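Student: All residue numbers for the sequence shown refer to full-length UniProt numbering, where the first residue is 1 and numbers rise by one.
Even glycine gets a Cβ: it sits at the ideal position worked out from N, Cα and C.
Just so you know, these numbers come straight off a predicted model, no measurement behind them.
Can you keep this structure in mind? I'll have questions shortly.
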Amino acid sequence: MRAYTTAHLDLDLPPGHPFPLYKYRGVAEALKGEVDLVPAPPVDREVLALAHQEAYLDRVFGEGLSRAESLRLGLPFTPALLRRALHAAGGTVAATRDALATGLGLNLSGGTHHAYPDRAEGYSLFNDVAVAVALLRRKGFRGRVLVVDLDAHQGNGTAVFFQADPTVYTLSVHAERNYPLKKEQSDLDLGLPDGTGDEAYLEALRGALEEAFRFRPELVFYNAGVDVLKNDRFGRLALSLEGALRRDLAVLKKVKEAQAALVVVMGGGYNRDPGLTVAAHAQTYRAAISFR
Numbered sequence: 001m002r003a004y005t006t007a008h009l010d011l012d013l014p015p016g017h018p019f020p021l022y023k024y025r026g027v028a029e030a031l032k033g034e035v036d037l038v039p040a041p042p043v044d045r046e047v048l049a050l051a052h053q054e055a056y057l058d059r060v061f062g063e064g065l066s067r068a069e070s071l072r073l074g075l076p077f078t079p080a081l082l083r084r085a086l087h088a089a090g091g092t093v094a095a096t097r098d099a100l101a102t103g104l105g106l107n108l109s110g111g112t113h114h115a116y117p118d119r120a121e122g123y124s125l126f127n128d129v130a131v132a133v134a135l136l137r138r139k140g141f142r143g144r145v146l147v148v149d150l151d152a153h154q155g156n157g158t159a160v161f162f163q164a165d166p167t168v169y170t171l172s173v174h175a176e177r178n179y180p181l182k183k184e185q186s187d188l189d190l191g192l193p194d195g196t197g198d199e200a201y202l203e204a205l206r207g208a209l210e211e212a213f214r215f216r217p218e219l220v221f222y223n224a225g226v227d228v229l230k231n232d233r234f235g236r237l238a239l240s241l242e243g244a245l246r247r248d249l250a251v252l253k254k255v256k257e258a259q260a261a262l263v264v265v266m267g268g269g270y271n272r273d274p275g276l277t278v279a280a281h282a283q284t285y286r287a288a289i290s291f292r
């Protein structure tokens, strides 16, 4: 079983920056010996252009993002940032190929669901899931696709990418009062109150999954952000580590019942306890492997 990783890529950040670069290496280390860790390949600009607007890509690959655009992204724009984003998106493309061949694809990165067709937002330079789906369509795949986004933040960019696409169903379960301030319209949005814990979250999730899987997907992308955990710096929800695992198992059960292929991408996780962030991400991938 392969898992694609960006752990080999560095990124210079200002002192004290909250982006959790540590977790990409930490999760890869935690899964060593359990999966075949493969450096994520970069995605080509031509593939990005199947989803993102050319004018946006011209800026990214030319002069780079402006200061205002970097502020919206939340990260300073550098060649290392661009390189890392190319590999993260490439990991999702490669994992999607694995999923269609074997039933499961794993990217220990990705889930950059705030990127729009024409701009970067919220640590998201490229929308890796949108890019992977666009490439699938170019290659002739016509199956129904479901995006199950359980990051604590609404997948606003992903929602916009697929709003006019009846072959893709988007589900976002998130903290309602969380970033982004302006929510976009997914096929199904479930905004939860601050402090939602295990039982209330799982009860709400069950109903959302029932509705979403009526779409009868053949391919599912699972954005398994662990910023849902209690004491996450940005999450606003309050799941335990056990509750996060029960969440994962609820998704995996529905995927198995649907006999759909599955791609797991990492999403967010910014816990005040870095070890908890790593442990939660690692248990998601272990659960997915066990359900294969």
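1) Among Val38, Leu135, Ala250, Val160, which has the Cα closest to the Cα of Glu46?
2) Between the stretch 57 to 68 and the stretch 101 to 108, do three or more beta carbon pairs fall short of 8 Å?
3) Measuring CB to CB, does Leu171 end up less than 8 Å from Asp187?
4) Would you list the residues sitting across from Pro39 in a DSSP beta bridge?
5) In chain order, what residues of the same chain have a beta carbon less than 6 Å from the beta carbon of Gly64, not counting five sequence neighbours either side?
6) Taking all protein chains shown into account, do 16 or more other C-beta atoms lie within 10 angstroms of the C-beta of Asn231, making it buried, or fewer, making it exposed?
7) Is it true that the stretch 84 to 99 meets the stretch 248 to 256, where meeting means three or more beta-carbon pairs spaced less than 8 Å apart?
8) For the stretch 221 to 228 and the stretch 206 to 213, state whether three or more C-beta atom pairs, one from each stretch, are separated by less than 8 Å.
9) Exposed or buried, what is Asp194 when buried is set at 16 or more other beta-carbons lying within 10 Å of its beta-carbon?
10) State the DSSP-derived secondary structure class of Glu121, mapped to helix, strand or coil.
11) Just tell me which of Ala260, Pro41, His8, Val147 has its CA closest to the CA of His87.
12) Could you tell me whether the stretch 267 to 276 touches the stretch 10 to 26, using the rule of 3 or more Cβ pairs below 8 Å?
13) Helix, strand or coil for Leu237 per DSSP?
14) Excluding five sequence neighbours on each side, which residues of the same chain lie with their C-beta closer than 8 Å to the C-beta of Gln283?
15) Give the list of continuous beta strand (DSSP E) stretches no shorter than 3 residues that lie fully inside the stretch 175 to 218.
16) So, for Ala164: in the same chain, excluding its five sequence neighbours on each side, which residues have a beta-carbon less than 7 Å away from its beta-carbon?
17) Specify the secondary structure class of Gly105 as computed by DSSP and reduced to three states.
18) Determine the burial state of Ala5: buried for a count of at least 16 other Cβ atoms within 10 Å of its Cβ, exposed for fewer.
19) Among residues of its own chain, excluding the 5 on either side of Asn178, which ones have a beta-carbon nearer than 7 Å to its beta-carbon?
20) In terms of residue numbering, what span does the beta strand (DSSP E) encompassing Val148 cover?
21) Suppose the cutoff is 6 Å on Cβ atoms and the five residues either side in sequence are ignored; what does the same chain contact list for Asp118 look like?
22) Here's the rule: buried if 16 or more other CB atoms are within 10 angstroms of the residue's CB, otherwise exposed. What is Pro217?
23) Mind checking whether Ala238 and Thr277 have CB atoms under 8 Å apart?
24) Would you check if the distance between the CB atom of Arg233 and the CB atom of Pro18 is smaller than 8 Å?
25) If you drop the 5 nearest sequence neighbours on each side, which residues of the same chain put their C-beta closer than 8 Å to that of Lys256?
26) Among all the DSSP beta bridges, which residues are the ones paired with Ser172?
27) Within the continuous alpha helix (DSSP H) that includes Leu11, where are the two ends?
28) My assumption, with CB atoms under 8 Å, is that Leu50 sits in contact with Ala261. Please give the rounded CB distance.
29) By how many angstroms is the C-alpha of Val220 removed from the C-alpha of Val168?
30) Please classify Ser124 as buried or exposed, where buried requires at least 16 other C-beta atoms within 10 Å of its C-beta.
Tutor: Walking through what the data contain:
1) Looking up residue 46 in the sequence shown gives position 46. Distance check between Glu46 and each of Val38, Leu135, Ala250, Val160 places Leu135 closest, using alpha-carbon atoms only.
2) With a cut-off of 8 Å on Cβ pairs, the stretch 57 to 68 is not in contact with the stretch 101 to 108, counting fewer than three such pairs.
3) Mapped onto the sequence shown, residue 171 falls at position 171. Mapped onto the sequence shown, residue 187 falls at position 187. Going by C-beta atoms, Leu171 is nearer than 8 Å to Asp187.
4) Locating residue 39 in the sequence shown gives position 39, where the first residue counts as 1. According to DSSP, Pro39 bridges with Thr5.
5) On the sequence shown, position 64 is the one that residue 64 refers to. Contacts found: Phe77.
6) Your numbering for residue 231 matches position 231 in the sequence shown. By the 10 Å Cβ count, Asn231 comes out exposed.
7) Too few Cβ pairs lie closer than 8 Å, so no.
8) Segments in contact, no.
9) For the purposes of this step, residue 194 is identified with residue 194 of the sequence shown, where counting begins at 1. Counting every other CB atom within 10 Å of its CB across the protein chains shown gives Asp194 a total below 16, marking it as exposed.
10) Position 121 of the sequence shown, counting from 1, holds the residue named residue 121. Glu121 carries a strand assignment under DSSP once its states are collapsed to helix, strand and coil.
11) As a working mapping, residue 87 is identified with position 87 in the sequence shown. It is Pro41.
12) A contact exists between the stretch 267 to 276 and the stretch 10 to 26.
13) By 1-based counting over the sequence shown, the position of residue 237 is 237. It is coil, neither helix nor strand.
14) Start at 1 with the first residue of the sequence shown, and residue 283 comes out as number 283. The answer, listed in chain order, is Leu241, Ala244, Leu245, Asp248.
15) Restricted to the stretch 175 to 218, the beta strand (DSSP E) segments that are unbroken, complete and at least 3 residues in length are 188 to 192, listed in chain order.
16) Residue 164 sits at position 164 when you count from the first residue of the sequence shown. The answer is none, since no qualifying residue turns up.
17) Here the question's residue 105 lines up with position 105 in the sequence shown. DSSP places Gly105 within a strand segment (E or B) once states are collapsed to three.
18) If you number the sequence shown from 1, residue 5 lands on position 5. The sequence shown places Thr at residue 5, rather than the Ala named in the question. Around the Cβ of Thr5, a 10 Å sphere holds 16 or more other Cβ atoms; the residue is buried.
19) Indexing the sequence shown from 1 puts residue 178 at position 178. Only Ala152, His153, Arg236 meet the Cβ criterion.
20) Here residue 148 is taken as the residue at index 148 of the sequence shown, counted from 1. Element bounds for Val148: 145 to 149.
21) For the purposes of this step, residue 118 is identified with residue 118 of the sequence shown, where counting begins at 1. For Asp118, where only same-chain residues beyond five positions count, the Cβ hits under 6 Å are Gln53, Tyr56.
22) For the purposes of this step, residue 217 is identified with residue 217 of the sequence shown, where counting begins at 1. Residue environment analysis places Pro217 among the buried positions, since at least 16 neighbouring C-beta atoms fall within 10 angstroms of its C-beta.
23) Looking up residue 238 in the sequence shown gives position 238. Looking up residue 277 in the sequence shown gives position 277. Against a cut-off of 8 Å, the Cβ pair of Thr277 and Ala238 comes out as no contact.
24) Position 233 of the sequence shown, counted from the first residue, corresponds to residue 233. Position 18 of the sequence shown, counted from the first residue, corresponds to residue 18. The answer is yes: Cβ separation under 8 Å.
25) The residue you call residue 256 lines up with position 256 of the sequence shown. Its chain contains Phe291 as the residues whose beta carbon lies nearer than 8 Å to that of Lys256, once the 5 sequence neighbours on both sides are disregarded; these appear in chain order.
26) Taking the sequence shown and counting its residues from 1, the one referred to as residue 172 is at position 172. Asp149, Asp189, per the DSSP bridge assignment.
27) Here the question's residue 11 lines up with position 11 in the sequence shown. First-last for Leu11: undefined, no H or E at that position.
28) Here residue 50 is taken as the residue at index 50 of the sequence shown, counted from 1. Here residue 261 is taken as the residue at index 261 of the sequence shown, counted from 1. With 8 Å as the limit, Leu50 and Ala261 do not qualify as a contact, their Cβ atoms being about 20 Å apart.
29) On the sequence shown, residue 168 is found 168 positions in, with the first residue counted as 1. On the sequence shown, residue 220 is found 220 positions in, with the first residue counted as 1. Whole-angstrom Cα-Cα distance: 10 Å.
30) As a working note, residue 124 is residue 124 in the sequence shown. Classification for Ser124: buried.
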